[in-house]
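Keeping their order, the protein sequence lines are chains L and F. Sequence positions in the first sequence follow our numbering and run 105 to 348. Sequence positions in the second sequence follow our numbering and run 105 to 348. Data block below; observations after.
2 protein chains.
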Amino acid sequence: MKRYKCIVAYDGSNYIGWQTQPHDITIQESLEKTIKKISGIDANVVGSGRTDARVHARGQCFHFDTSFDLGSDMWKKALNGHLPKDIRILSCEQVSKEFHARFSAKAKHYDYLINIGEYDVFSKDYAYQCYYKLDVDKMIAVSKLFVGTHDFTAFCANTLIMNPNQVRNIFSIDFNIKNDILQISFKGKGFLRYMVRMLVGTMIEVGRGRVTIEEVIKIMEEKDKTSCKFNAKPYGLYLMEVKY
Amino acid sequence: MKRYKCIVAYDGSNYIGWQTQPHDITIQESLEKTIKKISGIDANVVGSGRTDARVHARGQCFHFDTSFDLGSDMWKKALNGHLPKDIRILSCEQVSKEFHARFSAKAKHYDYLINIGEYDVFSKDYAYQCYYKLDVDKMIAVSKLFVGTHDFTAFCANTLIMNPNQVRNIFSIDFNIKNDILQISFKGKGFLRYMVRMLVGTMIEVGRGRVTIEEVIKIMEEKDKTSCKFNAKPYGLYLMEVKY
């Protein structure tokens, strides 16, 4: 058995997310079916983590084990030859059994894109189309609350029973504006479910002037699952890179 | 009856083209249905010209006449409120009956986008994904043959019976490369059916080294409908602007 590590990009628009579900089509399932088609052998695709429905990736990472001896270059070619056109293997390399796409991950980088200009038919599935005027300086100010090690209980969908430890470390949150696209880059050790989207949703509310920074501090401190109701649209979110 | 002139952008991915067809959904039909929904009155939408299936527009122009008194600002808002999210009215103004979206057009600007980098899942429907290395200097050289007033019989799908005059005037063809996207901009008085795509298809063949400039000169001179077999993919093409 050999283990292969792959970097994959996908347009999540037509998928119900990463993880295999009973009824709808997912990225993981598409990859597993394609590996089976090429090799004739079932394989388990292990991602660095899940992405939700309609979320995109420019650098998701997964590994799979197989006894089918093809070599990493040929695996890349064969996968790209058979995968749907919205999923693309960017690299494939053989790795040792020590490597695990999920457990070896050291850091993740997510980008969230917001179109702050006129509504654009071409980015409708690739950036949140923001109809409101945003005060980006206020968004930057509130982002500073989130950087560092904090309890993000209020900003995630994970239950405390399933995930008792909801403390996470965000290394940085950076803002960039180019051609009316506001790009917010999150780098951190790891993120909880919906965490990036809930932080972005909160920042948008602050940028719109509907929530104050003081209220965000209160939400953070209260650690109440019901206090943050803001969850930014999935199609603005991109998993950019997983560091090992 | 008032006449309104609208500028419209659309992502053509899910449409069979501009012009109403018996079976499939078109841009023109979507606009006409939306006007009917708003006003309760049938209206004929007249475009500056057709665009083919999967071709995009950033600045298509159309006019329509209506007795429904809404005002141009409200027409724009109402149309955008009811249109599918891949069609967007950019502007709406009341014009005199002298104005005709097709017959008053003085010039058109089309862009064709080619991804000359790695295959990209995010631009797959918005730029031709070119797997071949292109010699852009050769493409620029061959483009110079097309600029000016020429008989484009060999480079269009129009029949000579329907369109006896296939002489057209191209003002300019400009090349730009940004982030691995080769943008070819065509400006001219008017273009025949498939003309831009056939010219691009020919340039790609020259850029790939499969056709020489001398062969292109021969194709142009022969004016034979069967000699040019190159038609670039529709989803790289954008109608950018119509000048009046």
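Built from N, CA and C at the ideal position, the CB exists for glycine as well.
**Report entry** Inter-residue Cα distance where the pair is residue 294 of chain L and residue 226 of chain F
**Finding:** One C-alpha to the other measures close to 25 Å.
Query raised in the report: residue 76 of chain L: which of L:137, L:173 and L:156 sits nearest, CA to CA?
Result: Chain L is shown only over 105 to 348; residue 76 of chain L falls outside these bounds and no answer can be derived.
Query raised in the report: Can you give the Cα-Cα distance for residue 304 of chain F and residue 282 of chain F, rounded to whole angstroms?
Result: Looking at the two C-alpha atoms, the distance is approximately 18 Å.
**Report entry** Sub-7 Å separation of residue 250 of chain L and residue 274 of chain L beta-carbons
**Finding:** With contacts defined by Cβ atoms closer than 7 Å, residue 250 of chain L and residue 274 of chain L form a contacting pair.
Query - Per-residue DSSP class, three states only, for residue 344 of chain L - result: It is a strand residue.
Query raised in the report: What in chain L is Cβ-close to residue 189 of chain F, meaning under 8 Å?
Result: Correct list: 225 and 228.
Query raised in the report: If you pair each beta-carbon of the region 180–198 of chain F with each one of the region 305–319 of chain F, do three or more pairs fall below 8 Å?
Result: With a cut-off of 8 Å, the region 305–319 of chain F and the region 180–198 of chain F do not count as touching, because too few Cβ pairs lie within range.
Query raised in the report: Quick one: is residue 115 of chain F near chain L, going by C-beta distance under 7 Å?
Result: It does; some Cβ of chain L falls within 7 Å.
Query - Coil, strand or helix - residue 241 of chain F by DSSP - result: In the structure shown, residue 241 of chain F sits in a helix (DSSP, three-state: H, G or I).
Query - 7 Å CB neighbourhood of residue 300 of chain L in its chain, flanking five on each side removed - result: Same-chain partners within the cutoff: 214, 216, 290 and 341.
Query - Inter-residue Cα distance where the pair is residue 142 of chain F and residue 229 of chain F - result: Each residue's alpha carbon lies about 31 Å from the other.
Report task. Starting from residue 192 of chain L, find everything on chain F with Cβ-Cβ shorter than 7 Å and list it in chain order. Result -> Those are 223 and 225, listed as they occur along chain F.
Requested in this report: Return the chain-ordered list of same chain residues with a C-beta closer than 7 Å to the C-beta of residue 328 of chain L, the five sequence neighbours on each side being excluded.
Outcome: Closer than 7 Å at Cβ, skipping near neighbours: 258.
Requested in this report: Could you tell me whether the region 189–209 of chain F touches the region 105–120 of chain F, using the rule of 3 or more Cβ pairs below 8 Å?
Outcome: Contact between the region 189–209 of chain F and the region 105–120 of chain F is present, with at least three C-beta pairs closer than 8 Å.
Requested in this report: Indicate the three-state DSSP secondary structure (helix, strand or coil) for residue 257 of chain F in the structure shown.
Outcome: If DSSP states are grouped into helix, strand and coil, residue 257 of chain F belongs with the helices.
Report task. Check residue 182 of chain F in the structure and name its three-state DSSP category. Result -> Correct three-state label for residue 182 of chain F: helix.
Report task. Taking residue 163 of chain L as part of the beta strand (DSSP E), name the residues at either end of that continuous run. Result -> Counted as a single uninterrupted DSSP element, the beta strand (DSSP E) harbouring residue 163 of chain L occupies residues 160–170.
Query raised in the report: In terms of alpha-carbon separation, which member of L:321, L:337, L:338 and L:208 lies closest to residue 331 of chain L?
Result: When only C-alpha atoms are compared, the closest one is L:321.
Report task. Figure out for me which residue from F:168, F:164 and F:315 has the closest Cα to the Cα of residue 147 of chain F. Result -> In terms of CA proximity to residue 147 of chain F, F:168 leads the group F:168, F:164 and F:315.
Query raised in the report: For residue 278 of chain F, which residues of its own chain have a beta-carbon under 6 Å away from its beta-carbon, when the five flanking residues on both sides are left out?
Result: Hits under 6 Å: 289.
Report task. Return the CA-CA distance between residue 276 of chain L and residue 218 of chain L, expressed in angstroms with no decimal places. Result -> Rounded to the nearest whole angstrom, the C-alpha separation of residue 276 of chain L and residue 218 of chain L is 18 Å.
Query raised in the report: Between residue 286 of chain L and residue 253 of chain F, what straight-line distance do the alpha-carbon atoms span, to the nearest angstrom?
Result: Each residue's Cα considered, the two are about 44 Å apart.
Query raised in the report: What number of angstroms, rounded off, separates the C-alpha of residue 112 of chain L from the C-alpha of residue 223 of chain L?
Result: If you draw a straight line from the Cα of residue 112 of chain L to the Cα of residue 223 of chain L, it comes to about 29 Å.
Query raised in the report: According to the Cβ coordinates, are residue 157 of chain F and residue 343 of chain F closer than 7 Å?
Result: In this structure, residue 343 of chain F does not lie closer than 7 Å to residue 157 of chain F by Cβ.
Query raised in the report: With DSSP run on the structure shown, which of helix, strand or coil describes residue 301 of chain F?
Result: Under the three-state reduction of DSSP, residue 301 of chain F is assigned to helix.
Requested in this report: Would you tell me roughly how many angstroms separate the C-alpha atoms of residue 130 of chain L and residue 346 of chain L, rounded to the nearest one?
Outcome: Their Cα atoms are separated by approximately 20 Å.
Query raised in the report: Should residue 243 of chain L go down as buried or exposed, given a rule of 16 or more other Cβ atoms within 10 Å for buried?
Result: A residue is called buried when at least 16 other Cβ atoms come within 10 angstroms of its Cβ; residue 243 of chain L meets this threshold and is buried.
Query - Straight-line gap, residue 232 of chain F to residue 239 of chain F (C-alpha atoms, nearest Å) - result: Between the alpha carbons of residue 232 of chain F and residue 239 of chain F lies a gap of roughly 16 Å.
Query raised in the report: Would you report the Cα separation of residue 333 of chain L and residue 261 of chain L, rounded to the nearest angstrom?
Result: If I take the Cα positions, the gap works out to 11 Å.
**Report entry** Sequence-distant residues of its chain with Cβ nearer than 6 Å to residue 197 of chain L (five each side left out)
**Finding:** So the qualifying residues of the chain are 109 and 176.
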